[in-house]
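Remember, this note's numbering sits 38 above the position in the sequence shown when you count from 1. These notes concern the structure reproduced below.
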Amino acid sequence: MNRELRGRRVLITGASSGIGRCLAEQTAGEGARLALAARSRDKLEELASSLAAKGAEVLVVAADVTSDADRARLLASVVERFDGLDVLVNNAGVGSWGHFAGSTEEVLRQVMEVNFFAPAELIRLAIPVLTRGRQPAVVNVASMCGRRGMPAWPEYSASKFALCGLTEALRGELARFDIDVLLIVPGLTRSDLRNHMLRNDGRMKIDFDGGMPAEDVARKIVHALRKNWTETVVGRDARWILRMNRFFPRLLDWLIGRRIRRLYAS
Ligand SMILES: NC(=O)c1ccc[n+]([C@@H]2O[C@H](COP(=O)([O-])OP(=O)(O)OC[C@H]3O[C@@H](n4cnc5c(N)ncnc54)[C@H](OP(=O)(O)O)[C@@H]3O)[C@@H](O)[C@H]2O)c1
39 MNRELRGRRV
49 LITGASSGIG
59 RCLAEQTAGE
69 GARLALAARS
79 RDKLEELASS
89 LAAKGAEVLV
99 VAADVTSDAD
109 RARLLASVVE
119 RFDGLDVLVN
129 NAGVGSWGHF
139 AGSTEEVLRQ
149 VMEVNFFAPA
159 ELIRLAIPVL
169 TRGRQPAVVN
179 VASMCGRRGM
189 PAWPEYSASK
199 FALCGLTEAL
209 RGELARFDID
219 VLLIVPGLTR
229 SDLRNHMLRN
239 DGRMKIDFDG
249 GMPAEDVARK
259 IVHALRKNWT
269 ETVVGRDARW
279 ILRMNRFFPR
289 LLDWLIGRRI
299 RRLYAS
């Protein structure tokens with residue numbers, strides 16, 4: 039199946055920066071009608087006016103996806119403006135970098151709220167609306183850490199694993215409504231995530247600047263939507279690690295363990 043994006047009503051969470059922002063620019067370029075959500079209203083409005091200047095139809099909704107009331111208001115605003123929804127992209131996310139023993143329950147719960155409970159509940163709210171959509175789809179932006187847990191990303195890995203599991207379960211459930219459920223699994227990406235870390239005290243430095251451009255991830259999301267690819271791994275690092283994990287999981291465990299022991303020996 040090929041999905042046409044022209045005229046489609048697309049809601050993107052986490053559209054104020056990074057991957058979400060690039061995705062908004064690219065889907066607007068494809069002729070989609072956009073609803074953009076995040077907490078930073080000023081950034082969303084600045085993006086919306088630049089997209090509107092190029093002829094795009096854009097709705098801005100400042101919302102915290104962890105709030106029940108905000109999620110309900112977000113979906114109601116989309117339905118009121120566009121009379122429905124065709125594509126929901128759950129992209130908003132936060133990171134947390136540091137070892138689990140030194141972390142807190144609060145960090146764990148907050149990461150799960152943003153990266154798992156919020157998209158889960160937004161999907162639940164959106165199902166009746168998407169059921170009436172045209173070639174409807176849910177796109178969940180997970181992470182390489184959602185397919186292979188990584189040290190110093192314990193809360194983040196757990197939240198993204200939960201999102202991957204939900205995505206697979208819903209793919210089957212929502213088939214009866216013809217709602218496609220797609221999963222995006224990016225590796226390290228140059229974005230604003232470094233400023234959306236609940237903690238950042240891992241011993242190794244994460245080189246976000248060495249990650250792939252957020253534009254590349256957005257381009258893959260657009261492609262996955264067009265081609266209806268159920269799972270898209272994005273980035274050389276992610277492809278390499280996930281292939282190693284699939285074929286040589288114990289070797290990967292050993293390599294990671296050796297690296298951590300060396301790091302902490304010094
Ligand atoms: N960067 C990477 O290396 C990488 C790798 C794999 C997967 N990912 C995933 O890709 C997605 C996008 O991240 P990014 O890399 O583009 O990072 P980013 O630039 O930090 O973008 C995160 C977005 O999420 C929004 N957000 C955070 N908390 C929110 C909340 N409570 N309510 C509403 N919006 C919220 C932020 O906007 P406001 O602050 O304005 O709310 C921002 O627009 C995330 O799910 C992330 O886990 C990133």
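All residues carry an ideal CB built from backbone N, CA and C; glycine is no exception.
First through last residue of the beta strand (DSSP E) which encompasses residue i
i, result
"G171", "Premise fails: G171 is in no beta strand (DSSP E) and is neither H nor E."
"D218", "218-224"
"L263", "Looking at the DSSP string, L263 is not in any beta strand (DSSP E); the run it does join, the alpha helix (DSSP H), is 252-265."
"N238", "235-238"
"S134", "133-135"
"T270", "269-272"
Any non-hydrogen atom of ligand 1 closer than 7 angstroms to residue i Cβ
i, result
"L226", "yes"
"I57", "yes"
"G93", "no"
"D102", "yes"
"V124", "Reading the sequence as shown, one finds Asp at residue 124 and not Val. No; taking the cut-off as 7 angstroms, the Cβ of D124 has no heavy atom of ligand 1 nearer than that."
"S229", "yes"
"R77", "yes"
"H261", "no"
"N238", "no"
"T51", "yes"
"A107", "no"
"A164", "no"
"H234", "yes"
"A130", "yes"
"N153", "yes"
"G136", "no"
"M182", "yes"
"G249", "yes"
"S54", "yes"
"K81", "yes"
"A252", "yes"
"V177", "no"
Cβ neighbour criterion (16 or more within 10 Å) applied to residue i
i, result
"A333", "Here the chain comprises residues numbered 39 to 304, so residue 333 is not present and cannot be evaluated."
"D247", "exposed"
"G295", "exposed"
"A262", "buried"
"E227", "Note that residue 227 corresponds to Thr in the displayed sequence, not to Glu. With 16 or more other Cβ atoms within 10 Å, it is buried."
"S134", "buried"
"S141", "buried"
"E118", "exposed"
Span of the alpha helix (DSSP H) around residue i
i, result
"W292", "287-303"
"T205", "192-211"
"E143", "143-150"
The region 42-59 touching the region 118-130, judged by at least three CB pairs closer than 8 angstroms | Because the criterion of three Cβ pairs below 8 angstroms is met, the region 42-59 and the region 118-130 touch.
Contact between the region 212-221 and the region 45-54 (3+ Cβ pairs under 8 angstroms) | The region 212-221 is not in contact with the region 45-54.
Would you call the region 67-80 and the region 99-109 in contact, with 3 or more CB pairs under 8 angstroms?
-> Short answer: they touch.
Inside the region 43-124 only - beta strand (DSSP E) runs reaching at least 3 residues = Correct list: 47-51, 71-76, 96-100.
Does the region 114-128 come close enough to the region 148-168 that 3 or more CB-CB pairs lie under 8 angstroms?
-> Touching, yes, given that three or more Cβ pairs across the two stretches are closer than 8 angstroms.
At least three beta-carbon pairs within less than 8 angstroms, the region 227-236 to the region 249-264 | The region 227-236, when compared against the region 249-264, does touch it at the 8 angstroms Cβ threshold.
With contact counted as at least three CB pairs below 8 angstroms, one residue from each stretch, are the region 180-194 and the region 83-97 in contact?
-> At 8 angstroms Cβ cutoff, the stretches do not touch.
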